[in-house]
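Participant:
Numbering (our numbering), first residue to last: 15 to 116.
In structure tokens:
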């Protein structure tokens, strides 16, 4: 599945929000680092290191997926997501109905 411009945009916003919440003391980094009994100072270091590396990987993937003449449209990408989401919901509903009949 191709990496899209909207993926980078939305993930960046989520990361920015989480970072702001951690810095404001409303969230703990250890909540996002799935290592049991991790001290908060170490979790914060892991989280920040992961974030930097993730952003670099996202940029590399975006470069691979798009040429310099990229004409991607975030709104069209999100509309495609809605169609995909509806298909997944329909499939899940159909599966639940099958099981409910037994």
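Glycine included, each C-beta is placed from N, C-alpha and C at the ideal position.
Per DSSP, what kind of secondary structure is residue 101 in: helix, strand or coil?
Facilitator: helix
Participant: I need the DSSP call for residue 44, collapsed to helix, strand or coil.
Facilitator: helix
Participant: Give the DSSP-derived three-state secondary structure of residue 87 in the structure shown.
Facilitator: coil
Participant: Could you spell out where the alpha helix (DSSP H) holding residue 64 opens and where it closes?
Facilitator: 54-79
Participant: Looking only at its own chain, which residues have a Cβ that is under 8 Å from the Cβ of residue 65, when we skip the five neighbours before and after it?
Facilitator: 29, 33
Participant: Are the beta-carbon atoms belonging to residue 95 and residue 22 less than 8 Å from one another?
Facilitator: no
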